[in-house]
Amino acid sequence: MRKFILILGLIMLIVGAIILSYSFEQIRRLDALIKTDEWFVTHYSLKDEYGTFGEVTASSTFPAKFKHQLSPAVWGGFKASLTVELLQEATVIFRIDSNGGIIFSVDGSAIISMWYISRIYDHKEQVQLAPGVHKLELYWYGYGGEITFDMYVEGRDAAANLQWTGLGVFFIGVAITSVGFVLKRKTSVKIKTDSKLTGNSNFN
Numbered sequence: 246m247r248k249f250i251l252i253l254g255l256i257m258l259i260v261g262a263i264i265l266s267y268s269f270e271q272i273r274r275l276d277a278l279i280k281t282d283e284w285f286v287t288h289y290s291l292k293d294e295y296g297t298f299g300e301v302t303a304s305s306t307f308p309a310k311f312k313h314q315l316s317p318a319v320w321g322g323f324k325a326s327l328t329v330e331l332l333q334e335a336t337v338i339f340r341i342d343s344n345g346g347i348i349f350s351v352d353g354s355a356i357i358s359m360w361y362i363s364r365i366y367d368h369k370e371q372v373q374l375a376p377g378v379h380k381l382e383l384y385w386y387g388y389g390g391e392i393t394f395d396m397y398v399e400g401r402d403a404a405a406n407l408q409w410t411g412l413g414v415f416f417i418g419v420a421i422t423s424v425g426f427v428l429k430r431k432t433s434v435k436i437k438t439d440s441k442l443t444g445n446s447n448f449n
């Protein structure tokens, strides 16, 4: 029985490691298809609660994947642009979480146009893009609000889920293998104890 448990545990360890290795490679390959710089961002004051931009207040950069949050009870907004290069034709997923007004465009075409204060929970837009350079533009405003932006090639979610599956299988394998070793140790101790008792009985 203990041998079966040990073998089962080792098999699950190996399978988990293979799944993890494959999923890591898939994520690495998909991430490498998108090459980006940083967002160039111009920050503005607001003239009213409808998102009318006023004076420029600052300039900055955001990383390609970012989270921006305003101070509480403060109106503000920004215009940002980003150039991305896609190495091969693919469906790119743009993932946005926001509680402000937002307009998001790809190559001049509006993908999201909600220029009023609203809550967008984990919103995803899929856009089929040809290989080459593409321009992203993002306009946003809010009242003490925040926005999170992410983008990746289709298939990354599945690879990430596979990664968690591999991790689960691997740790189950660790647990089963540990049980197998414990049973083996207990059996070994029992055999030694029985041998001593048998030896003492023969002596008597």
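Under the working numbering, the letters of the sequence shown match residues 246 to 449, in that order. Beta carbons: idealized from backbone N, C-alpha and C, even for Gly. Remember, predicted model here, so these are calculated numbers, not experimental data.
Would you mind working out which of the options sits nearest residue i, comparing C-alpha positions?
| i | options | result |
| --- | --- | --- |
| Trp320 | Asp282, Ile259, Asp352, Gly387 | Gly387 |
| Thr233 | Leu383, Gly345, Leu258 | With the chain running from 246 to 449 in the structure shown, residue 233 is simply not present. |
| Trp385 | Ser423, Tyr289, Ile338 | Tyr289 |
| Gln333 | Phe415, Gly425, Leu291, Pro376 | Pro376 |
| Ile362 | Leu374, Asn406, Phe323, Asn344 | Asn344 |
| Thr287 | Val414, Val378, Leu327 | Leu327 |
| Ile347 | Ala262, Gly296, Gly353 | Gly296 |
Compute the Euclidean distance between the alpha carbons of residue i and residue j, then round it to the nearest angstrom.
| i | j | result |
| --- | --- | --- |
| Lys312 | Gly254 | 42 Å |
| Leu251 | Ala403 | 31 Å |
| Gln371 | Phe298 | 29 Å |
| Arg274 | Asp293 | 45 Å |
| Gly389 | Ala309 | 22 Å |
| Asp342 | Thr336 | 20 Å |
| Ser350 | Ser358 | 8 Å |
| Leu331 | Asn406 | 24 Å |
Provide the residue(s) that pair with residue i in DSSP beta bridges, ordered along the chain.
| i | result |
| --- | --- |
| Asp342 | Thr393 |
| Gly387 | Gly321 |
| Val206 | As displayed, the chain neither begins before 246 nor continues past 449, which places residue 206 out of reach and without an answer. |
| Ala355 | Ser350 |
If contacts are defined as beta-carbon pairs under 8 Å, then residue i and residue j qualify, I think. What distance do you get, rounded to the angstrom?
| i | j | result |
| --- | --- | --- |
| Leu315 | Glu391 | 7 Å |
Let me see if you follow: with CB-CB separation under 8 Å, is residue i close to chain C or not?
| i | result |
| --- | --- |
| Thr281 | In summary, chain C is missing from the structure at hand, where a single protein chain is found. |
field: Every unbroken beta strand (DSSP E) inside the region 253-338 [3 residues or more]
entry: 279-281, 284-291, 298-307, 311-314, 320-331
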